[in-house]
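One structure is given below, encoded as structure tokens.
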Amino acid sequence: MQIAKDEGLPNDYEFFSLLAYSGMRIGEVISLQWKDLDFRNSSLSITKTYYNPSNNKRAFELQTPKTRSSMRKILIDSTIMELLKELKEKQNEFIKKNKRLYKDQGFIFTCSEGYPCTIKQFSNRLQRLLAKMPDLCKDITPHSFRHTHASLLIEANVNMKVISHRLGHSSVATTDEIYGHLTRGLEKEASQKFSELMRDLHI
Numbered sequence: 000m001q002i003a004k005d006e007g008l009p010n011d012y013e014f015f016s017l018l019a020y021s022g023m024r025i026g027e028v029i030s031l032q033w034k035d036l037d038f039r040n041s042s043l044s045i046t047k048t049y050y051n052p053s054n055n056k057r058a059f060e061l062q063t064p065k066t067r068s069s070m071r072k073i074l075i076d077s078t079i080m081e082l083l084k085e086l087k088e089k090q091n092e093f094i095k096k097n098k099r100l101y102k103d104q105g106f107i108f109t110c111s112e113g114y115p116c117t118i119k120q121f122s123n124r125l126q127r128l129l130a131k132m133p134d135l136c137k138d139i140t141p142h143s144f145r146h147t148h149a150s151l152l153i154e155a156n157v158n159m160k161v162i163s164h165r166l167g168h169s170s171v172a173t174t175d176e177i178y179g180h181l182t183r184g185l186e187k188e189a190s191q192k193f194s195e196l197m198r199d200l201h202i
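Counting from 0, one number per residue, gives the positions in the sequence shown under numbering that gives the first Met the number 0.
In structure tokens form, the structure reads like this:
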């Protein structure tokens, strides 16, 4: 994230930080509006997703998620919420100076005219950042942040039901189908470590 902070375009650091810390789908993040945030309780509500196959910034749609479970409220790290507070202040200042240009629809991550940035724009921004890190895999996509978020939760032994809710999966079975191999890998590792402990204790 440091490269996004030091060399990113406006909103890059905040956008990719939220993507990494929330496990949200990219369309869910882009569709976020300030009214979806609860700064007092460090949470956000996910009730819609961004749809724009034409990549025309003016031709987007906000759609209802396909499943009821995708509509959810999740807690967000307080550090990220502080970042978003600061972003809100910067945005307010920009709007004051550009009232004629800016079409304020309450979106968090916007272009200079107030429309939400497109998925393609953020994908290109990510590739721009990756190009500055030659040792890092270039196959990383915005969805990789979601996968990594889930993987880290599993490694931290967070309950699978909690992870499933956070990701907005239709069921725990869906989460297990996608990430179950990680859980089984941890179980195998735990079993091996336990066996080693028993041998060390001569039991």
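No residue lacks a Cβ here, since even glycine has one placed at the ideal position from N, Cα and C.
Supposed close pair residue i, residue j - CB separation, criterion 8 Å
i	j	result
G26	T48	4 Å
L31	I79	About 12 Å separates the two Cβ atoms, so there is no contact after all.
E13	L82	5 Å
C110	K72	Wrong, their Cβ atoms sit about 27 Å apart, outside the cutoff.
I153	I162	7 Å
P141	S122	6 Å
S68	G167	6 Å
Cβ pair residue i, residue j closer than 8 Å
i	j	result
G22	R124	no
K98	E112	no
P133	I29	no
D11	L128	yes
L74	S41	yes
Beta bridge counterpart(s) of residue i as assigned by DSSP
i	result
Q32	F106
R71	I45
E60	Y50
Counted within 10 angstroms of its Cβ, other Cβ atoms place residue i as buried (16 or more) or exposed
i	result
R165	buried
G105	exposed
L43	buried
F193	At F193 the pLDDT is 49, less than 50, meaning the model places this residue with poor confidence; the figure from the coordinates comes in the next sentence. Exposed, because fewer than 16 other Cβ atoms sit within 10 Å of the Cβ of F193.
N215	Absent from the structure is residue 215, since the part of the chain shown begins at 0 and ends at 202.
Q126	exposed
H148	buried
R24	buried
beta-carbon residue i near the ligand GTP non-hydrogen atom, thresh 7 Å
i	result
L152	Absence of the ligand GTP from the depicted structure is noted, as is the absence of any ligand whatsoever, leaving it without description.
key: Cβ contact (3+ pairs, closer than 8 Å) linking the segment 32-45 and the segment 2-11   = no
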